[in-house]
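Each step along the sequence shown adds one to the number in full-length UniProt numbering, with nothing skipped, and position 220 is 220. Don't be surprised by glycine CBs; every beta carbon is placed ideally from N, CA and C. What follows is a short report on a single structure.
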Amino acid sequence: MYYFLVSLNYLSYDFSNIKNHLNHEQPSINILFQAITRRSANENTDMECLEVLGDCFLKLAVSMSLYYRYPIANAGILTIEKAKEISNENLYRLAVENKLKNYLYCEKIIFQGKDSNWLPPGYIVKSNNNEKKFTHQIIKRKAFADKIEALIGAFLMSSNFITTIKFMHWLQLDVIPLDQNNHIMSIPPIIASELDDEIKQIYHNEGFKEIEIKLNYVFQNKAYLITAFTHSSKSKHCIVNSYERLEFFGDALLDFLVIRYIFLNYDRNTTPGRVTDIRQNLSNNNHLAYILVSFNLHTKIRYNSNEISKHIQSYVNNTNIHHSTNSPVPKILADVFEALIAAIFFDANNSLEFVWKIIEPFLGEILDRSIVNPSLNPMRRFSDKGGKIIQEFTDETESICLVQMPNGTYYEGRGKNKKLAKSDACQQALNHKD
Numbered sequence: 001m002y003y004f005l006v007s008l009n010y011l012s013y014d015f016s017n018i019k020n021h022l023n024h025e026q027p028s029i030n031i032l033f034q035a036i037t038r039r040s041a042n043e044n045t046d047m048e049c050l051e052v053l054g055d056c057f058l059k060l061a062v063s064m065s066l067y068y069r070y071p072i073a074n075a076g077i078l079t080i081e082k083a084k085e086i087s088n089e090n091l092y093r094l095a096v097e098n099k100l101k102n103y104l105y106c107e108k109i110i111f112q113g114k115d116s117n118w119l120p121p122g123y124i125v126k127s128n129n130n131e132k133k134f135t136h137q138i139i140k141r142k143a144f145a146d147k148i149e150a151l152i153g154a155f156l157m158s159s160n161f162i163t164t165i166k167f168m169h170w171l172q173l174d175v176i177p178l179d180q181n182n183h184i185m186s187i188p189p190i191i192a193s194e195l196d197d198e199i200k201q202i203y204h205n206e207g208f209k210e211i212e213i214k215l216n217y218v219f220q221n222k223a224y225l226i227t228a229f230t231h232s233s234k235s236k237h238c239i240v241n242s243y244e245r246l247e248f249f250g251d252a253l254l255d256f257l258v259i260r261y262i263f264l265n266y267d268r269n270t271t272p273g274r275v276t277d278i279r280q281n282l283s284n285n286n287h288l289a290y291i292l293v294s295f296n297l298h299t300k301i302r303y304n305s306n307e308i309s310k311h312i313q314s315y316v317n318n319t320n321i322h323h324s325t326n327s328p329v330p331k332i333l334a335d336v337f338e339a340l341i342a343a344i345f346f347d348a349n350n351s352l353e354f355v356w357k358i359i360e361p362f363l364g365e366i367l368d369r370s371i372v373n374p375s376l377n378p379m380r381r382f383s384d385k386g387g388k389i390i391q392e393f394t395d396e397t398e399s400i401c402l403v404q405m406p407n408g409t410y411y412e413g414r415g416k417n418k419k420l421a422k423s424d425a426c427q428q429a430l431n432h433k434d
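Okay, structure coming up:
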């Protein structure tokens, strides 16, 4: 990573000032060249680092806009809408509609010889069988989606959040939640104001102050804190909604904060492939669940399910709890951790800097260990051992993947998307030795 991301120090993500914000900072020619250059072009720079940065910011921006735009939509609906917006097909469409399709450098320029593909300015090619190699490049559609993400990364690196969001809005991405009058929508209330007394009662009766002490942060709106710890089995019987909407946003928020930390602190030593391994390493349920349990925050989760209770207790009592990946992990633990991150963010007036200051001590050595020596991608290890992907599908709430080891044993994995489900299935298979 050859550029220090100074702009990532602008840690204010607030829609309120977008329309009045005047900023003419633009990416330099060098960075734009990097953003449109594929590794296959064999230049000294390529788009991959910018693509990683743009990808995670795109997911964050779209997630936040959807959270504002659909105040009563559940996490399942938000996830579906997000998948449509960030899909490679949609990004390719935007590249075409915004006349950016021609700006992609993917094939190495060869100046002479039988494989030459360079045409000097002012020259034309007489009709022959090899004409297209002088006038066309062959590339998959995904490359155009990657370029859009790299351009987002280029703007983010060169300017700030608001300028980048404006660029994304120009691309026609849904990143600014506008109402029918073209006004920016306000953040949806986490709970009706007339229920404040009930929230205070839950806060005191269930000892939520203990969480604030461990976080070293006092919530201005206690409803955010309580909602982050409320499972859907409990929300059906009380005034507080479940954590699912917060968890939907918290997942993208944590991803971006971690990527930002990597870029700012390890920019000269971390390759894009290594960043991908680190992202997957940190986003798996094992690490997030371990963090929640190690700080004893799991005891505050509000649920009404014997099955969940047994699952959590089994995990906590497991002798391998000290950061082992062999113990079955209750998904609720990781979900609550992500919801808590989102709750802090919204309660702290959308301050990325503040939420990172609060959660960084919790990530601690796990974060640095994952960066310095991340576990090898389980999908790669699984493939090296001769495993096969049998089936992948998505139900109403999550993606599911079925894999098979060479000995014929099947394992199932689950996750928020197909990639995480596949990673989980491969890890499950690797955890069981013959």
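- By DSSP's assignment, S399 forms a beta bridge with T394, G415.
- For the set Q26, L53, W356, I36, the Cα lying nearest the Cα of T271 is the one of L53.
- In this structure, the beta-carbon distance from I184 to F167 does not fall below 9 Å.
- By the criterion of at least three beta-carbon pairs nearer than 8 Å, the region 218 to 230 is in contact with the region 336 to 347.
- Setting aside the 5 residues that flank it on each side, N304 is surrounded in the same chain by S233, K234, H237, each with a C-beta closer than 7 Å to its C-beta; the list follows chain order.
- In the three-state DSSP reduction, T230 falls in the strand class (E or B).
- For K388, the beta-bridge partners assigned by DSSP are Q404.
- Distance check between V355 and each of P406, Y261, Q180, L297 places Y261 closest, using alpha-carbon atoms only.
- Contact between K59 and D255 holds, since their C-beta atoms are separated by about 7 Å, short of 8 Å.
- Taking V403 as reference, the option from H231, K385, G273, Y68 with the minimal CA-CA separation is K385.
- Here DSSP, grouped into helix, strand and coil, assigns Y261 to helix.
- From the listed residues N44, I341, N74, A83, the smallest Cα separation to K419 is found for A83.
- Under the three-state reduction of DSSP output, Y103 falls in the coil class, being neither helix nor strand.
- With contacts defined as CB atoms closer than 9 Å, H231 and I301 qualify as a contacting pair.
- Around the CB of A252, 16 or more other CB atoms lie within 10 Å, so the residue is classed as buried.
- For R141, the three-state secondary structure derived from DSSP is coil.
- Apart from the 5 residues on each side of it in sequence, I291 sits with its Cβ closer than 8 Å to the Cβ of F337, F362, L363, I366 in its chain, given in chain order.
- Going by C-alpha positions, D174 is about 46 Å away from Q112.
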